[in-house]
Structures are given as structure tokens and as C-alpha cells.
DNA sequence: AGACTAAGCGCAATCGTTTGGCGAAGTCAA
DNA sequence: TTGACTTCGCCAAACGATTGCGCTTAGTCT
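Structure, rendered in C-alpha cells:
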């Protein structure tokens, strides 16, 4: 193998600073600074058009890039936004983060992200680390419904907003998870399915809480209340969803439908149904949440509730930008939509067929 | 809804700087600086034990956190590492990034990440943005086998290393993908399966190239060369894997096995087999790559090649740290392992049964 | 012609840290 | 007592950018 070529260079990279530009353009450093910054909103301190052109030419010629450290030392603004999410290995959060990044870049901010794994101690540590980097603002994707973390955070003077999960009284960009739960429930009820089990999520996350409430309320109002023992909480991934479903099935209940507050749990549940000799989509309708790419690509495409995750991330940044501009934005609540696929469509048909046969 | 409480605070946050500490401890600012930094490697400039204690006490008392901007303005070191990946929504890259983050934090570096989407123009832009933030080093997870990007990058004086994908002549932390391809092939050959199709990945990524080569070479050497028309390239996710498999099946070939260079493509392929009335794992063995969590949780658990993604990320950072310490590290190549699950185990048995019946 | 205005630009302080250099005091030996 | 060293800590100059203030000069008004 040849010698790697990407070693640190010893040669002193001749840095181009305001001074360099000032000297070659024959003006003072402060003039250059003003020209480079006011470019758009030329208000107070202007320079003659010729000077502006000359300086701009020199700047682009020398490929000037401002030293962010110097700039933020002086201005006390960093143009950084710190982002905290439960984990980036969850495609939903990763997608939200992509949206955040896109919007941040558009507004001239750069972001850095870390994951709290929903562990309070870790969250404290990560937040402290982020604050040490002097972000102009922060975005929390891992807010918990209870606890005083956000209270304390809001006393630190760094503005922030929430994304994905909301908490009453704090600015947030989320989707209407209660409505999402309703959509799922209405769909099942329209199909005539009334015996439902529910795989909820983390009990401290508004996403799980709201989706569950929307679903449960709708079933109750329709006259088909869901008994408590058919509602399971937990951090469900595919394996977790499978186990949860198994434990429900092991009680011997008869089910028409299962609603899981995330697609991976739903996929796991489908596995458990299969293990039990039931056909997901024919014997039991399965409905998930999030509409991850996988859910339409699996052998039994999954009915699910779609949310605009990328968009949500972008909205969070828009809120932050408004906040930083001194405006008083209000929380954003995006509408979810139902995506109907095979995993819920076969059951009614199968029932009808069975009925006819009988 | 109550008024959001996370608005920017107007109150001037009284910053505690070296000066604050110096004043309350009754020493000079430079003394404080030295004490806080030399703490470990007290070499030239020492302070008396009493002074050290006093200053340290004051510092922790006032909860001093150094101003990174000022520090990096002065030292020309940012303690930042820039990371570029194809996309964070791929769980493999997200896991690698988590490893990067862990190791970076351990070494006192912080990271920021963006995704290039494997788009050359975007890669250039993102890299420029990152460089403007003066990283001490960079990590590229989206290296392409050809092109002069890395060549040009190495002239910019910012050290870097590659992760996930390797390129001859550049420092990298990867797994032995050629070996991984071999493992997959050997497994199938041992099961007596000789008619294989191959869903390769992006033709410019060393991961796809090497895995493919390892697999193809092994089959060739065993006397069962794989015809070109059974090797498909493309950026395959689940849907893509499904389509690719369909197109192969539509040619009417008989297959013993399919090897996909990523698990999602493999899952898609299983779907296509099912559509064609074939049972994955019984009629056709399916083997994937990466061992993502989903692969063991699906109804037909997937045989796959496991790589230590988190570890790989950490190794990349270790390389960077060595580089920054002036050492000349050599590339890291982690060994993959084969994880055998049901998707390859039923075929031989089914054959034997069929044979007995005949 | 004198006074006043405003455009155009330079001056210098400042943000918080780091670090080479230097001075004062203490230690030790001769 | 003196000279040679240490030890401990202060001084001040950077790093690169921003910004309030004030100095020119040219143009306008009376």
C-alpha cells in the first residue's frame, strides 16, 4: 500500500484575513468588514460603489472565508444550532435531522447533533457539552412529558424549540399525533373492526401518548372501549413489537386489529401473528405509524400514518430563526395523513367470504 | 396554550471568563490559564500547589467553561472534526457516526456531520462549508473509488481519513469487505448451492466493489462462475432490491441463491421471490450484508455478514487522533463475521426432502 | 465666502485565551 | 556577601473580526 497522502501539512497555510484584503485593496480593515457584511442591507456606513467593487473583487479573488472563531468571539453569536435527538439510528429522527440541516444551511446556520438515548443523565451531559460550544439556539427532539429539564433549560438564556415531541407550554414543531391516532382508529372502525390491541410507545413521549389517546378515545366514542390489558407500553422496535404481540396473543384474546405507534413495532407484530398461525392483513389488520420507506416495500405492505418528518425538522428551524429575530412564533402542528395498504384491507374481505361460506 | 417560556432572554448572562477567576483568586489571568491547561502535564510553567488549589476551586465554584471561540482563535485549533456521510437515514452510516461521536467525545473533540447524498456537487459544497468552520480534521464516509476529490482535498492541508469505504492510498477505517463477500460465498457453496445471483451496490463504492469481488472470485474458483447478467448494480434499498430481483426472475433463470450487498436489498429480494411464488429460505437461499437489527427480527430471519459499524467509527477517530499527534498510523481493516439464520438454511433440507421423495 | 451636512473611510478598543519573555523572590553553595 | 539557579507569576502581544466614534473632504445653502 502506498504511503497515505492525507497527513497534516506542515506548510503554514497562508491565511487570508480581512487584513490581507484591506492591504491589497488599499483600504482599512474596518471598511472591508463593513462592505462584506452590509452587502445586502447597506444602511448606515456605506462605501463608494468603486470601493465596494474593488474590495469584493479582491475578496473573491483571494477566496476569503471569514474566521468564524474571531467573528463569534467578537459578536457573541456563533451561527450554530445544537440539536439533541434520542438516537440518529432511528430513521425517523435521522429524517427530521436532515430537514433541520437543510433549513439551517439555508438560513446560514450550521448544526451539530448528538443523541441522548432518552437517558436523563446523558441528556444533561450532552446538553452541557453543546452549551459549551455557545450555540445561538438549541433544538430538542427528545423532550419528555414530565420532569423539569426544559424548565431549567429555559433559565439558561439559550432559546430553544422542540421537535417531534411536544410539551405543553414550550415552543415546538410536531405533527398532530392525536389526530394521527384518530385516523388509524377511524380507518379500522370503517372496516368494521372493533377488537383492537394497541402497542404504544415510550410512555414519556408525547408521540406515544397522543397517538394512543387519539386512538383510544375514538374507539371509546364509537362504543368499543379498548381494555387496559390490550394496551402495552414500551420502547418497541421490531423485536420488541414481536414480543409484545406474542404476549397479547398468549392471553388467548381474539383480535380484529392491532395498532402500533411505530412501523417497526408493527412489523414485529406481523411476525408474531405469523408465528401464531394468523395471517396479518387477512385475520388481523395491522396498522403502523410513521410511514418509513420499508413499510411499503415489505411483502405485506403496511397501512400506516404518514407524517412529514423532513418538513417538521425544517419548521423547527424556522421557529428558531424567528425566535432569534425577536419575533414570537407559535408552535407548528402538521397534519398527518393515512396511507392505506394491504395490511388492513384483507380482513373485511376475508370476513365477508367466511360469512358467505357460513 | 400558555405563552412559550423559551424565548431569548434579554438579561445579560454574566459570563465567567479567565478574568473573573483571576480577579477573585487574586492572580493574573495567564496564571489561571496555565493552571487550567497544564493540570496534567505540568512542564515548564508551574504554579505553587496552594495557588493551583485556590484557582481550581474558584474555577469549579464559578462553573467556568472556556470560550471555545477565543481559544481556537488563539490556538488555531478548533477541536472540531467534520464528518461527511452519504446519508444519515441509512442506519449503517448512522451507527458509524454514533461510534465517531463516542470516540471523538472521549478524546475531547466535537463533531459535526452532513450528508452528501453521494452527489459530487453537493459534496463539494458541504466540504467547503465544513472547512469554513476550521475543523482540525475531517472524516469522509462517502469516498468514491475514482475521481480526484480526495487528491484535491489532501492538498488543502486539513488531515482526514476515510471510513466505511476505502480508496487505495488514503488512510481509512473499514471492514474487510472482500473477505465478507468470500464468507457469503463459502457459506452458500458449503450448502451445495451453486447457482447464485448477485445484487451489488453502488459501483463507485468500495463496499459494493469489494463484496462483489470476494463473492464472485470465490464462486469462480469453486468452478461455478457467475454470469454477468446475474450481477446487477445500483443503489438498492428495499424497493430497489425487489425490482432488481424481479427483473432477474423475469429472465426465467433457475436460482439456488441470491447475495445482496446490503440487508435492505436482500429483504426486497425476498419480497420479489415471494411474489413469484417462491419461498425465500426454502426454494432460494437469500443472504444479505450488514446485519442491521431488522434482519433478525423479520419473519424469515436473514443470514447476513456482520460488521462492527460502531467500532469502525471509533477506529476512524483513533486514526485521526494519531494523525493529529504527529504519528503515522496505518489503515484499519476490521474482520467481518458470518451470521447464519434461516434464510439460507432451509434450501438444502428442502432439496434433500425432494430428493428422497423422488 | 462662510457655515453646515453628509458621505466615505480610518482609528482603536474590544471579545477571551494563550504563551514567550521577564522580573522578583527564594534557595543554595562558595 | 555574592553569584547562579529555580520557582512563581505578571506583562503584553497576539489571534481576526466588529463597531462606535470622529476625522476628512466635497457638496449645498444662504
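Protein chains in written order, with my numbering: chain L, 183 to 540; chain A, 183 to 540.
Heads up, the beta-carbon is just placed ideally off N, CA and C, and yes, glycines get one too.
This one's a predicted model, so the numbers in the text were calculated from it and none came from an experiment.
- Under the criterion of beta carbons closer than 8 Å, residue 331 (chain A) and residue 315 (chain A) do not qualify as touching, at roughly 19 Å.
- Within the same chain, Cβ atoms closer than 8 Å to the Cβ of residue 245 (chain A) are found at 198, the five residues on either side in sequence being excluded.
- Within chain L, the residues placing a beta-carbon under 9 Å from that of residue 294 (chain A) are 262, 292, 293, 294 and 295, ordered along the chain.
- Scanning L:423, L:457, L:455 and L:431 for the CA closest to the CA of residue 445 (chain L) turns up L:423.
- Contact of residue 218 (chain A) with chain L is not assigned, every C-beta pair being separated by 8 Å or more.
- According to the DSSP assignment, residue 492 (chain A) belongs to the alpha helix (DSSP H) that extends over 491 to 506.
- Taking residue 283 (chain A) as the centre and dropping the five residues before and after it, the same chain places the C-beta of 293 closer than 6 Å to its C-beta, in chain order.
- Taking 8 Å as the cut-off, the Cβ atoms of residue 487 (chain L) and residue 466 (chain L) do not count as close.
- Taking the Cα of residue 513 (chain A) as reference, the smallest distance to any Cα among A:521, A:499, A:524 and A:520 is reached at A:499.
- Contact of residue 277 (chain L) with chain A is assigned, a C-beta pair being separated by under 8 Å.
- The C-beta separation of residue 382 (chain A) from residue 400 (chain A) comes to about 15 Å, leaving the pair out of contact by the 8 Å criterion.
- Under a 10 Å Cβ-count criterion, residue 210 (chain A) is classified as exposed, with fewer than 16 other Cβ atoms of the shown protein chains found around its own Cβ.
- In this structure, A:352 is the residue among A:352, A:345 and A:323 with its C-alpha nearest to the C-alpha of residue 333 (chain A).
- For residue 365 (chain A), the uninterrupted alpha helix (DSSP H) segment begins and ends at 359 to 372.
- Below 8 Å, too few C-beta pairs join the region 451 to 471 of chain A and the region 311 to 325 of chain A to call them touching: fewer than three.
- Here the C-alpha atom of residue 384 (chain L) lies approximately 23 Å from the C-alpha atom of residue 272 (chain A).
- A distance below 6 Å between beta-carbons, with the five flanking residues on each side excluded, links residue 254 (chain A) to the following residues of its chain, in chain order: 260.
- For residue 472 (chain A), DSSP records a beta bridge to A:488.
- Listed in chain order, the non-local C-beta contacts of residue 430 (chain A) below 6 Å within the same chain comprise 379, local neighbours out to five positions each way being set aside.
- At least one CB atom of chain A sits nearer than 8 Å to the CB of residue 450 (chain L).
- Across the set L:240, L:214 and L:239, the C-alpha of L:214 shows the shortest separation from the C-alpha of residue 228 (chain L).
- Here residue 235 (chain A) is exposed. Its C-beta has fewer than 16 other C-beta atoms within 10 Å.
- Sorting A:258, A:361, A:524 and A:497 by C-alpha distance to the C-alpha of residue 345 (chain A) places A:497 at the top.
- With a threshold of 16 other beta carbon atoms within 10 Å, residue 242 (chain L) falls short and is exposed.
- Bridge partners of residue 321 (chain L) according to DSSP: L:265 and L:343.
- Under the DSSP assignment, residue 378 (chain A) falls in the beta strand (DSSP E) whose first and last residues are 378 to 381.
- Using a 10 angstroms sphere on the CB of residue 403 (chain L), the tally of other CB atoms stays under 16, which defines it as exposed.
- Using a Cβ-Cβ cut-off of 8 Å, residue 400 (chain L) does not count as an interface residue toward chain A, since no Cβ of chain A sits closer than that to its own.
- Under the Cβ criterion of 8 Å, residue 347 (chain L) is not counted among the residues facing chain A.
- Our two residues, residue 489 (chain A) and residue 398 (chain A), have alpha carbons roughly 20 Å apart in a direct line.
- Between residue 500 (chain L) and chain A, the shortest Cβ-Cβ separation is not below 8 Å.
- For the C-beta of residue 254 (chain A), the chain L residues within less than 7 Å are, from N- to C-terminus, 251.
- In this structure, DSSP gives residue 313 (chain A) a helical state, which the three-state scheme calls helix.
- Residues of chain A with a Cβ closer than 8 Å to the Cβ of residue 375 (chain L) do not exist, since the nearest Cβ in that chain sits about 22 Å away.
- Sixteen is the threshold: when 16 or more other Cβ atoms of the shown chains lie within 10 Å of the Cβ of residue 518 (chain L), as they do, the residue is buried.
- Measuring C-alpha to C-alpha distances from residue 200 (chain L) to each of L:426, L:295, L:230 and L:250 identifies L:250 as the nearest.
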